[in-house]
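Structure first, then comments.
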Amino acid sequence: MSAKTPPKCPPEGDHLLLAKIKQAIGPAYLAHGVTPEGHLCVMVQADKIREVASAVKSMGFDHVLSLSAIDYMAEKKFVVTYIFASYLSPELKGQLLHVRTEIPRDNPKIASIADIFPSADYEERECHEMFGIWFEGNTHMGKRFLLDPDCCIDEKTGKPLYPLRKDFKVPDWGLMG
Amino acid sequence: MSQALREFLLKKAKLEKIFNWGVRWSLWPVHLVTSCCGVEVAHTSGPGFDAERWGVLPFHTMRQSNVILVEGTITRKMAKVLKMVYEQMPEPKFVLAMGACAVRGGLFWNSYHVVQVDTVVPVDVYIAGCPPTPEAVVRAFIMLHNKIKGKPGPFIEPSKVDLTPYLPPPPKPAAPRPAPQQTAQPASG
C-alpha cells in the first residue's frame, strides 16, 4: 500500500482473523497489512509455505482463489501472492486471505501446495509459464500448458522465455510503419 | 428439355457467370468465435437483420461451408486451428476478418501471443469496429458479393457533393517568423 493513503481501520472480523492466523501459522509470520477492500494480507516465510497452507486449510479456507507473482526487477525478487477463500465456512463468508512470500529472482523456487489445495495446480502451472517460478513437487513443471510450444523461445540458446517478466521484450510487429 | 435449357443458358451467359451467381447466393459461413464478435453475428443471422436474404446461412461444419468468419482475437495456438479449418474447406472459399482484433490485433496488438489473421490465411474482406455492428457484417457480405461478381470496391461510394461554398474559408498561411536577433547581453556587475 502506498504511503499517501493510510490503510482503512480494519473491521472487527479481521482482528479476530489476524489473531487466529498468528496462532495457526506461528513462527512463519513476518508482517501483516489490510488491503483497501478490508482483506487481511499476511507476509510469511517462503520456506514454510506448506505449513502455512495446511494451517490455513485447517482454519476453514477450502480453495485458492488466485495465485500470482509480482516481478520486482530492481530489487531482484518475486513476490508470490496466494489468495485463499472459503465456500463452505459460514464465518469466513466474504473473507479473502492474502498470503505473500518473497523469493529471489535469480533462483525462483518455492514448494508446491497443489496436494493441499488441488485448485492451486493450474494456477501454479500458469505462474510457472509466465514467470519461470519452479514449484517443487508439482509434476507439470517444465512443460507448456497455456502457451504455444513454438513461441517465447530464445533463438540463440533455445531456452524458454517468460513473457510476464519485466525484462521480456515483445516481438515487434512494425504496426506504425 | 434440360438439354434445350442448357444450350439456351450457355448461349445467353458464360458458364463462369452462372457458377459465380450460384456461389454468390450460397455463402455459408463457419463461425470461428474466439471473442465477443460472435454475439453480433448471432444478431446478423437473427430475424432482425436476417442475413439469409443475401444467402448467408450459418453452418456448423467446415467441410460443407465456403466462408470462414474469423470473429475475434487469434492467438498463436488458435492460428494453427484456423489454418487447419481453412484447408479443410472446399473451393471456392473466402475469409472475412471481423473486428479490430482480427484485423490488427486490436486491444492486444503488442501481446506476445496474438497474430494477425492475414499472416495465416488470405483475407477477402476486413470488417472494422469493436465489435462491428450487424449492418457492417451485412455490408461485408455484399462487398463479397461484388468481389465474386468481379466488381470489387468500397460498398459506400464517396460523396460527390461540392461543399466548398458552405465551408468557412481556409486559414491564411502564417507569416514566416522573424529570425531571432542576437542582442548583446548587458554586462553584469
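The listed protein sequences derive, respectively, from chains W and A.
For what it's worth, this note's numbering labels the leading residue of the first sequence as 231, then goes sequentially.
For what it's worth, this note's numbering labels the leading residue of the second sequence as 645, then goes sequentially.
Built from N, CA and C at the ideal position, the CB exists for glycine as well.
Please read these numbers as outputs of a predicted model, since none were measured by experiment.
Beta-bridge pairing by DSSP links Leu676 of chain A to A:Val714. When Cβ-Cβ separations below 9 Å define contact, Pro393 of chain W makes contact with chain A. Under a 10 Å Cβ-count criterion, Arg821 of chain A is classified as exposed, with fewer than 16 other Cβ atoms of the shown protein chains found around its own Cβ. Cα atoms of Tyr810 of chain A and Phe738 of chain A: separation of roughly 44 Å, rounded to the nearest angstrom.
The Cβ of Tyr756 of chain A sits closer than 9 Å to at least one Cβ of chain W.
A residue is called buried once 16 or more other Cβ atoms fall within 10 Å of its Cβ, and Glu354 of chain W is buried on that count. Counting along the chain, the unbroken beta strand (DSSP E) around Val274 of chain W starts and ends at Leu270 to Val274. For Asp397 of chain W, no chain A residue has a Cβ inside 7 Å of its Cβ, as the nearest lies near 13 Å away.
Within chain A, the C-beta atoms nearer than 9 Å to that of Val400 of chain W come from Asn754, Ser755 and Tyr756, in chain order. For Leu326 of chain W, the secondary structure class from DSSP, reduced to helix, strand or coil, is coil.
A Cβ-Cβ contact shorter than 9 Å links Phe314 of chain W with Phe347 of chain W. Around the Cβ of Tyr302 of chain W, a 10 Å sphere holds fewer than 16 other Cβ atoms; the residue is exposed. Neighbourhood of Asp378 of chain W in chain A, by CB distance below 9 Å: Thr719, Arg720, Lys721, Ala723, Lys724 and His757, in chain order. Neighbours of Cys381 of chain W across chain A, judged by C-beta separation under 8 Å: Arg720, Tyr756 and His757.
By alpha-carbon distance to Asn790 of chain A, the top candidate from A:Lys656, A:Trp665, A:Gln647 and A:Leu654 is A:Trp665. Looking at W:Lys287, W:Ala344, W:Pro257 and W:Ser298, the one whose alpha-carbon comes closest to that of Leu318 of chain W is W:Lys287. Between Ser342 of chain W and Asn368 of chain W the beta-carbon gap is near 4 Å, inside 8 Å, which marks them as a contact. Nearest in C-alpha terms to Lys252 of chain W, of all of W:Glu281, W:Gly268, W:Glu267 and W:Asp277, is W:Glu281. Of the other Cβ atoms in all chains shown, fewer than 16 fall within 10 Å of the Cβ of Pro379 of chain W; this residue is therefore exposed. Proximity to Ala780 of chain A across A:Asp768, A:Leu807, A:Met742 and A:Val765 peaks at A:Met742, based on C-alpha coordinates. It is roughly 11 Å from the alpha-carbon of Thr688 of chain A to the alpha-carbon of Arg783 of chain A. Here the alpha carbon of Leu394 of chain W sits roughly 5 Å from the alpha carbon of Met360 of chain W. Boundaries of the beta strand (DSSP E) around Ser296 of chain W: His293 to Tyr302.
The alpha carbon of Gly794 of chain A has as its nearest neighbour, out of A:Thr808, A:Phe652 and A:Phe663, the alpha carbon of A:Phe663.
Under the criterion of beta carbons closer than 8 Å, Phe703 of chain A and Pro673 of chain A qualify as touching, at roughly 7 Å.
For Ile771 of chain A, the enclosing beta strand (DSSP E) covers residues Val769 to Ile771. For Lys737 of chain A, there is no enclosing alpha helix (DSSP H), as DSSP gives it neither H nor E.
Contact annotation: Leu676 of chain A and Leu713 of chain A have beta-carbon atoms nearer than 9 Å. Glu385 of chain W sits in coil when the DSSP states are folded into three classes, being neither helix nor strand. Put simply, of A:Thr678, A:Met645 and A:Gly682 the residue whose alpha carbon is nearest the alpha carbon of Pro778 of chain A is A:Gly682. The beta carbons of Tyr312 of chain W and Ile279 of chain W sit closer together than 9 Å.
Nearest Cα to Ser316 of chain W within the set W:Phe308, W:Gly290 and W:Asp351: W:Gly290.
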